[in-house]
Amino acid sequence: MAIGPAATSVSGPHQASDADLLTACARRDHRAFRALVDRYYATVYRVVWRMTGGGAHAEDITQEAFLKLWSNPGQIREAGALKGWLMRVASNLAMDGFRAKPMKDLEAASDVSDGRPDAEEVQMKSWAARRVDSAIARLPERQRLALTLVHFEQMSNGAAAVVLEVSVDALESLLARARRALKEELAADRETLLEAVNVEGQIS
Numbered sequence: 015m016a017i018g019p020a021a022t023s024v025s026g027p028h029q030a031s032d033a034d035l036l037t038a039c040a041r042r043d044h045r046a047f048r049a050l051v052d053r054y055y056a057t058v059y060r061v062v063w064r065m066t067g068g069g070a071h072a073e074d075i076t077q078e079a080f081l082k083l084w085s086n087p088g089q090i091r092e093a094g095a096l097k098g099w100l101m102r103v104a105s106n107l108a109m110d111g112f113r114a115k116p117m118k119d120l121e122a123a124s125d126v127s128d129g130r131p132d133a134e135e136v137q138m139k140s141w142a143a144r145r146v147d148s149a150i151a152r153l154p155e156r157q158r159l160a161l162t163l164v165h166f167e168q169m170s171n172g173a174a175a176v177v178l179e180v181s182v183d184a185l186e187s188l189l190a191r192a193r194r195a196l197k198e199e200l201a202a203d204r205e206t207l208l209e210a211v212n213v214e215g216q217i218s
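Last residue of the sequence shown: number 218 in our numbering, and the count goes up by one each step with no gaps.
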């Protein structure tokens, strides 16, 4: 089964609640599963991309997480927990994969133009984003996931703690250690980075 967001949305299942879609998935309703993929694929992919450093493997891991959902949708007891469950499964798959395969250095990635006329500004923002991503990539796995969920996915500390299956206090400890590590690693480039991109939340 090919998994990924559909090019166009189909009315019907896409308007249904997560609870109704999970019930339909348990009946092996492919349209309901497609609606859930369209609803959450981009979010799960972003988390995996930051956990792994991007590349084709990020898509593979995201697809595998959704396949686990399709194989047994009944394991989601509460529909409200679906998003967190998908993130947890995907991040665990990402961490398992990279215990065997080291993450690439994001600083070695090539510049990608976003089409804006100010080429120097584009290049500066691209460098700054890669610099921050590279520093995040070197964080311990759970610190990296905590930072990704709270700062990039804008989840509350409570919701992120559920995804990591830790207490809120433990989640806040992970965030504090991640911020300290980033602040130390990025200290030499701090002023330049702050001028280029809004990363103050990550390194302050």
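Glycine included, C-beta positions come from ideal geometry on N, C-alpha and C.
For residue 29, count neighbouring C-beta atoms within 10 Å of its own C-beta (all shown protein chains included) and say buried if the count is 16 or more, exposed if not.
exposed
Figure out for me which residue from 61, 37, 91, 94 has the closest Cα to the Cα of residue 79.
Comparing Cα-Cα distances from residue 79 to each of 61, 37, 91, 94, the minimum goes to 61.
DSSP state of residue 30, grouped into three classes?
coil
How about residue 161 and residue 189: do their beta carbons lie closer than 8 Å?
A contact, by the Cβ cut-off of 8 Å.
From the DSSP output, in three-state form, read off residue 101 for me.
Shown here, residue 101 sits in a helix according to DSSP, grouped into three states.
For residue 154, count neighbouring Cβ atoms within 10 angstroms of its own Cβ and tell me buried if that reaches 16, exposed if not.
Burial is judged here by how many other beta carbons sit within 10 angstroms of a residue's own beta carbon; residue 154 has fewer than 16 and is exposed.
Under the three-state DSSP convention, the category residue 150 falls into
DSSP places residue 150 in helix when its eight states are reduced to three.
Counting along the chain, where does the alpha helix (DSSP H) carrying residue 65 start and finish?
44-66
Give the straight-line distance between the Cα atoms of residue 52 and residue 156, rounded to the nearest whole angstrom.
27 Å
Sufficient close CB pairs (3 or more, under 8 Å) joining the region 177-185 to the region 98-107:
yes
Could you say which of 33, 45, 58, 75 lies nearest to residue 89 if we only look at CA atoms?
The shortest C-alpha separation from residue 89 is found at 33.
Quick check: what's the CA-CA separation for residue 109 versus residue 41?
31 Å
Taking its Cβ as the centre, do 16 or more other Cβ atoms sit within 10 Å of residue 76, making it buried, or is it exposed?
buried
Cut-off 7 Å between Cβ atoms - residues of its own chain near residue 6, not counting five sequence neighbours on either side
No information on residue 6 is available, as it lies outside the stretch 15 to 218 that the chain covers here.
Please report the straight-line C-alpha distance between residue 115 and residue 146, rounded to a whole angstrom.
Since pLDDT at residue 115 reaches only 49, below the 50 mark, its modelled position is unreliable, and the value read off the structure follows with that caveat. Distance between the alpha carbons of residue 115 and residue 146: 21 Å.
Can you tell me whether residue 81 is buried or exposed, with buried defined as 16 or more other CB within 10 angstroms of its CB?
Burial call: exposed.
Kindly give me the distance between the Cβ atoms of residue 149 and residue 185, rounded to whole angstroms, as I take these residues to be in contact under 8 Å.
That pair is no contact at about 20 Å.
Candidates 43, 70, 165, of which the one nearest residue 85 by Cα:
43
With 16 other Cβ atoms within 10 Å as the buried cut-off, status of residue 56:
exposed
Are the CB atoms of residue 93 and residue 31 within a distance shorter than 8 Å?
yes
In angstroms, rounded to a whole number, what distance separates the CA positions of residue 187 and residue 181?
So the two alpha carbons sit approximately 10 Å from each other.
To the nearest angstrom, report how far apart residue 87 and residue 54 are at their CA atoms.
Taking the straight line from one Cα to the other gives about 15 Å.
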